[in-house]
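Peer 1: Got a structure here, written out as structure tokens. Questions coming.
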Amino acid sequence: MLRIAVPNKGSLSEPAVSLLAEAGYRSSRRGRELVLTDAANEVELFFLRPRDIAVYVGRGQIQVGITGRDLLLDSGTAAVEYRALGFARSTFRFAAPTGTITDLGGVRGKRVATSYDRLVSDYLAAQGIEAEVVHLEGAVESSVRLGVADLIADVVETGATLASAGLSVFGPPLLESEAVLITREEFRDDPRLGTLDRRLEGVRVARSYVLLDYNVRQRDLEEAIRITPGFDSPTLSPLVDSEWVAVRAMVHADEVNPVMDRLHDAGARGVIVTQLTASRL
Ligand SMILES: Nc1ncnc2c1ncn2[C@@H]1O[C@H](COP(=O)(O)OP(=O)(O)OP(=O)(O)O)[C@@H](O)[C@H]1O
Ligand SMILES: O=P(O)(O)OC[C@H]1O[C@H](OP(=O)(O)OP(=O)(O)O)[C@H](O)[C@@H]1O
Ligand SMILES: [Mg+2]
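Following UniProt numbering, the numbering of the sequence shown begins with 1 at its first residue and continues without gaps.
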């Protein structure tokens, strides 16, 4: 059985469980189950703390896991990123009380509070900056006001938490993070990981694309196909009225309304949109 580590709490948990469920895995826990066996798909799901997932995968007890890129790098384990999953996007930034520190040089000799000690220490070492790293488990934004640090290094998504603490980011981002599928180098080519990856990829494509069907006159076809080139190439079907043809093409869900407007202007009629639930491209 393929063992998969799934975050049991925090920002990664709910979207990871939904992604696996949509990919056909039995991932919904009844209550507080720690491990869930999906015999039909020959996988075992282990629900673990997000921070511990890279440790289990890095040591090889669990073959694959879903965690954050920031947590993977901070773990210092042998686990490697296999695929970016496109959710729980964030940046990892330095921040200080507005106006106090405005560039990376200003960090020298200061106290930096963070939950990501290794990530921050490695970054500062690479920049040749000596500073004291103060480890905190969370709510790092409160540390400056409470006097245990001069600045922080933490996950920023909307920036609302920083703003409410009177902190402003400075310097370049240390990292762009998102949820990632991780494994060990020697497991990269395992066909079971390939299957999992294709299923997850299939869900992500199904979520970001819709299927568009419409009818268009033969004479307007070229223009219509320019508007909906599809993934590889759109499908054409003949209609009883030979002056017309039916077209089916995948369109990015974000663009579907402007695309429909342009198709209408190009003479297309009977435009319908179908939501996808799964795909294998
Ligand atoms: N507001 C957010 N938006 C997007 N991703 C986030 C956000 N907060 C945390 N993350 C991501 O989630 C992962 C860390 O998980 P999270 O902060 O939810 O749990 P934790 O801090 O380990 O647990 P807890 O906060 O319960 O102690 C990291 O990959 C981080 O980048
Ligand atoms: O930029 P924002 O949208 O405000 O989001 C960023 C905040 O979200 C996370 O906190 P979390 O809720 O996980 O609490 P924690 O600090 O205790 O981990 C992160 O550590 C930041 O504090
Ligand atoms: Mg957190």
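Glycine included, C-beta positions come from ideal geometry on N, C-alpha and C. Values in this document were obtained by computation on a predicted structure and should not be read as measured data.
Is the Cβ of residue 56 closer than 7 Å to any Cβ of chain D?
Peer 2: No chain D is present in this structure, which holds just one protein chain.
Peer 1: Three Cβ pairs or more, each shorter than 8 Å: is that satisfied between the region 146-161 and the region 19-28?
Peer 2: no
Peer 1: Looking at the structure shown, is residue 154 part of a helix, part of a strand, or coil, going by DSSP?
Peer 2: Residue 154 sits in a strand when the DSSP states are folded into three classes.
Peer 1: Count the CB pairs spanning the region 211-228 and the region 241-250 that are closer than 8 Å, and state whether there are at least three.
Peer 2: yes
Peer 1: Between which two residues does the alpha helix (DSSP H) containing residue 265 stretch?
Peer 2: Counted as a single uninterrupted DSSP element, the alpha helix (DSSP H) harbouring residue 265 occupies residues 256-265.
Peer 1: With a cut-off of 8 Å on the beta carbons, I'd call residue 112 and residue 148 a contact; round off their distance for me.
Peer 2: Not confirmed; about 11 Å, so no contact.
Peer 1: Is residue 141 near ligand 1, going by C-beta to nearest heavy atom under 6 Å?
Peer 2: Distance from the C-beta of residue 141 to the nearest heavy atom of ligand 1 is not below 6 Å.
Peer 1: Is residue 64 near ligand 2 - that is, is its Cβ less than 6 Å away from at least one heavy atom of it?
Peer 2: Not so, every heavy atom of ligand 2 lies at least 6 Å from the Cβ.
Peer 1: What would DSSP say about residue 41, mapped onto helix, strand or coil?
Peer 2: helix
Peer 1: Measuring CA to CA, which of 277, 281, 87 is closest to residue 178?
Peer 2: 87
Peer 1: When you compare each of 130, 271, 275 to residue 254 by their alpha carbons, which one comes out closest?
Peer 2: 275
Peer 1: Between residue 157 and ligand 2, is there a pair consisting of the residue's CB and a ligand heavy atom that are separated by less than 6 Å?
Peer 2: yes
Peer 1: Would you mind giving the Cβ-Cβ distance between residue 69 and residue 144, rounded to the nearest angstrom? I have them listed as a contact below 8 Å.
Peer 2: The Cβ separation is near 26 Å, so there is no contact.
Peer 1: Are there 16 or more other CB atoms within 10 angstroms of the CB of residue 95, so buried, or fewer, so exposed?
Peer 2: buried
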